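See below for the structure under consideration.
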Amino acid sequence: MNLENLKLLREQTGISMIECKKALEEAGDNLKEAKKILREKGKESLKDRGDKTAGSGLIEAYVHANSKIGVLLEIRCESDFVAKSADFKTLAHEIALHIAATKPVFVKEEDINEDFLQQEKEIYQKQFADSGKPENIQKQIIEGKLKKYKADVCLLSQAFVKDQNKTIQGLIDETRAKVGEKIEITRFSRFEI
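Numbering (my numbering), first residue to last: 5 to 197.
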């Protein structure tokens, strides 16, 4: 086995030396094929990680250049090894930048309390009260607006500012596939003067 390939595979994937060695052996020392094997195994092993706790992680702090916007983000993973990896740190930084730019209110839809949604629903109902549209059509429009509103105020469902084709959840899933561990955003705070 070529040790340079092992070192390179380890650096590029952030996966343990043992797993990289197994993948290279299975791939006949072909770096490209070994990466493919690791991705496939990573996706399979992620299915079994639902019950694992994300007990490690980091706090990412971001302050905008003008010092008028700041973000604190708590992001967790399963091990210290991954928490210290470049992929994980980059993910945390990108999400903190995203929060600074988009002003999400909640991490995920389940975090939205009913009072908050009810207030928004009442605003939409007032907007359509005199529209002359049938009640069932109004109801459908309001439900559609609420669904869009939830996606806009929840971090995980927002489109990533640097790539509108990905959501923040998609960005997390990509990194999760690379590192092979559960990743979750616990909480964040955004400050602005």
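All C-beta atoms in this analysis are idealised placements derived from N, C-alpha and C, irrespective of residue type, glycine included. If you're wondering where the values come from, they're calculated on a predicted model, not measured in any experiment.
Where D177 is concerned, the enclosing alpha helix (DSSP H) starts and stops at I172 to V183.
Listed as beta-bridge partners of R191 by DSSP are E78. Excluding its 5 nearest sequence neighbours in each direction, E23 has C-beta neighbours in its own chain below 7 Å: L42, listed in chain order.
Contact between the region 188–196 and the region 107–121 is present: three or more C-beta pairs spanning the two stretches fall below 8 Å.
Annotation: G148 is outside any beta strand (DSSP E); the continuous alpha helix (DSSP H) that includes it extends over E139 to V157. Here K151 is exposed, its C-beta having fewer than 16 other C-beta atoms within 10 Å. It is roughly 6 Å from the alpha-carbon of K112 to the alpha-carbon of L160. Around the Cβ of E64, a 10 Å sphere holds 16 or more other Cβ atoms; the residue is buried.
Rounded to the nearest whole angstrom, the C-alpha separation of V75 and V67 is 6 Å. Bridge pairing for F110: C158 [DSSP].
Each residue's CA atom was taken as its position, placing I79 and S135 some 45 Å apart. The criterion of a C-beta distance shorter than 8 Å is satisfied by L35 and L13. Taking a 10 Å sphere around the C-beta of A133, we find fewer than 16 other C-beta atoms and assign the residue as exposed. Inter-residue distance for Y128 and G148 is about 11 Å (C-alpha atoms, whole angstroms). Using a 10 angstroms sphere on the CB of T17, the tally of other CB atoms reaches 16 or more, which defines it as buried. Per the C-alpha coordinates, the member of K125, Q131, I141 and H102 positioned closest to L175 is H102.
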